[in-house]
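Reminder that position 7 of the sequence shown reads as 7 in full-length UniProt numbering, one-by-one numbering, no gaps.
Quick notes on the structure that follows.
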Amino acid sequence: MAETATIEPDLLTLAEARARCVDSRETALSTLLDWVETYLMSGHVDLGRTGAVCPFTRQAAKLDTARLAISNAGPQDEETAFALIRRSFAELDAIPAKPTMQHFRTVIIGFPACASPAGVAMLQRVQKRHKFYSLRRNRMIGLMHLDSDAPGLWNPEFRPLRAPLPVLAVRHMVEHDAPFAARHPLLLLPYLARFPLTGAKRLFSHLRAGA
């Protein structure tokens, strides 16, 4: 597969991203940061529950364990994008955090050059290629983009994974992922292996609430 030259992106704290966005050329980073801070970390009228769209990201922001980056990889750069995401798993574990708060670390990478259907399809392949890799490590990998049709967990008419630019995010699996485990069979066993008692209780409560 043909591959264009790419520059390895910096992982930035939210404060570093804000400072860099003063530069008018950082339009993609500014878009990503604004989406993280005003969408993921805020409530939404169509969400179907109270709280932030992504409580995980809100907590990561408070603990300074969220990292952002922009990649210039395009639809033809699948191996570059794959290598970047593979590295992000190691970079995730290197984010400084107290032992009791390490599960709130997350890496969020925007791919502005992948806004086309071909670009999104490439990122979907990268995500799928990491499916078992992430599950074996109790990690979650998510893809968000402008036309995502993934339904909400609490309101199926809501589309929570829509983003103004394509994004791949890697984070730790947490106990509150019971609704995701209930929806995705491949996730169920790793989730219960990691949280055998408390996870089973959360799954039961989630399934009972949806009955």
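Ideal Cβ positions, reconstructed from N, Cα and C, are used throughout, including at glycine.
Keep in mind it's a predicted model, so treat the numbers as computed, not measured.
So, with DSSP's three-state summary, where would you put residue i?
i	result
M140	strand
A2	Confidence is the limiting factor: at A2 the pLDDT is only 42, short of 50, which leaves the residue's position unreliable, though a coordinate-based value still follows. Note: A2 maps to coil in three-state DSSP.
R25	coil
R202	helix
T100	helix
L12	strand
If we ignore side chains and look at the alpha-carbon of each, how far apart do residue i and residue j end up?
i	j	result
M144	T198	29 Å
H130	V170	10 Å
G74	S205	42 Å
L123	S148	13 Å
L63	I108	15 Å
T50	N72	36 Å
R67	E157	30 Å
C114	Q76	9 Å
L12	L153	30 Å
T4	A81	For T4, the predicted model reports a pLDDT of 45, less than 50, meaning its position is unreliable and no value from the coordinates is stated.
M41	C54	6 Å
S134	V126	12 Å
Y39	Q59	14 Å
M173	L189	12 Å
W35	R208	33 Å
P185	L203	13 Å
P96	F180	27 Å
G110	R86	15 Å
K128	A178	21 Å
What is the residue span of the alpha helix (DSSP H) that residue i lies within?
i	result
A94	E78 to A94
Would you say residue i reaches chain C, if we count a Cβ-Cβ gap shorter than 7 Å as a contact?
i	result
R137	Absent here is chain C; the protein component of the structure consists of one chain.
Can residue i be considered in contact with the ligand FAD, in the sense that its beta carbon sits closer than 6 Å to one or more heavy atoms?
i	result
I109	Among the components modelled here there is no ligand, and therefore nothing to report on the ligand FAD.
Give, in chain order, every unbroken run of the beta strand (DSSP E) that is at least 3 residues long and sits entirely within the segment 110 to 194.
139 to 144 and 167 to 172
Can you check the segment 28 to 70 for any alpha helix (DSSP H) of at least 4 residues that lies completely inside it and give the ranges in chain order?
55 to 63
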